[in-house]
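Count along the sequence shown from 1, then add 11; that gives the number in this note's numbering. Take a look at the structure set out below.
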Amino acid sequence: MTFTVSDMTEDIKRGWVVDSGATSHMTGHLNNLTSVRTLPEPCVLTVASGDNLVVTAIAQAPLLLNGRNVCVLQDALFVERLARNLVSVAAASRRGMTVDFKGASCVIRPPSRITLSATTRCMW
12 MTFTVSDMTE
22 DIKRGWVVDS
32 GATSHMTGHL
42 NNLTSVRTLP
52 EPCVLTVASG
62 DNLVVTAIAQ
72 APLLLNGRNV
82 CVLQDALFVE
92 RLARNLVSVA
102 AASRRGMTVD
112 FKGASCVIRP
122 PSRITLSATT
132 RCMW
């Protein structure tokens, strides 16, 4: 099951999918990133479909809701040709965040407050 984190836009470049199988936060769109650091050497990443994609940079990924910055994902990967933006449950957990799935919703939060809240949007 996947959940989307966005301001209800259909724009694939801006919307993010909460992915329990992703090892890192990832995007295929450089304009979603800030403080971009090019990797000394590109590395290959195998995605769920079995395709091998190239990671060329690591950066911060600010998440916006209604034009307001609600969270900055750290160490997000720029993955060439990646179709969807992925919020990694594992990466959030490594950063001390709590990820709770209940019914058709998902809440990601640091110890002190809610950071992200998402619901399913027929993304099977």
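Glycine included, every Cβ here is placed at the ideal spot set by N, Cα and C. A quick note: this is a predicted structure, and the numbers were derived from the prediction, not measured.
>> According to DSSP, is S104 part of a helix, a strand, or is it coil?
In response: Reading the sequence shown from its first residue, position 93 is the one you call residue 104. In this structure, S104 counts as helix in the three-state DSSP scheme.
> How long is the line joining the alpha carbons of H137 and R106, rounded to whole angstroms?
Replying inline: Given a span of 12 to 135 for the chain in the structure shown, any question on residue 137 remains unanswerable.
> From V118 to V47, what distance separates their C-alpha atoms?
Replying inline: The residue labelled residue 118 in the question sits at position 107 within the sequence shown. The residue labelled residue 47 in the question sits at position 36 within the sequence shown. Looking at the two C-alpha atoms, the distance is approximately 27 Å.
> So the beta strand (DSSP E) L56 belongs to, where does it begin and stop?
Replying inline: If you number the sequence shown from 1, residue 56 lands on position 45. 45–57 is the extent of the beta strand (DSSP E) around L56.
> Using the beta-carbon count (16 or more within 10 Å), is L50 buried or exposed?
Replying inline: As a position in the sequence shown, residue 50 is number 39, starting the count at 1. Result: exposed.
> Between the C-alpha atoms of G32 and V58, what's the straight-line distance to the nearest angstrom?
Replying inline: The residue you call residue 32 lines up with position 21 of the sequence shown. The residue you call residue 58 lines up with position 47 of the sequence shown. The straight-line gap from Cα to Cα measures roughly 10 Å.
> Which first and last residues belong to the beta strand (DSSP E) in which L97 is found?
Replying inline: Here residue 97 corresponds to residue number 86 of the sequence shown, with the count starting at 1. Run containing L97: 96–99, per the beta strand (DSSP E) assignment.
> Hey, would you say F89 sits closer than 9 Å to T38, going by beta carbons?
Replying inline: Position 78 of the sequence shown holds residue 89. Position 27 of the sequence shown holds residue 38. Yes, the pair counts as a contact, with Cβ atoms nearer than the cut-off.
>> Would you say S104 lies against chain B (beta-carbon separation less than 9 Å)?
In response: Structure shown: chain B not included; a single protein chain is present.
> Excluding the five sequence neighbours on either side, which residues of its own chain have a C-beta within less than 7 Å of the C-beta of A70, listed in chain order?
Replying inline: Sequence index remark: in the sequence shown, residue 70 carries index 59 (1-based). Within the same chain, A70 has close Cβ partners L44, T45, S46, V47, R48, A87, F89.
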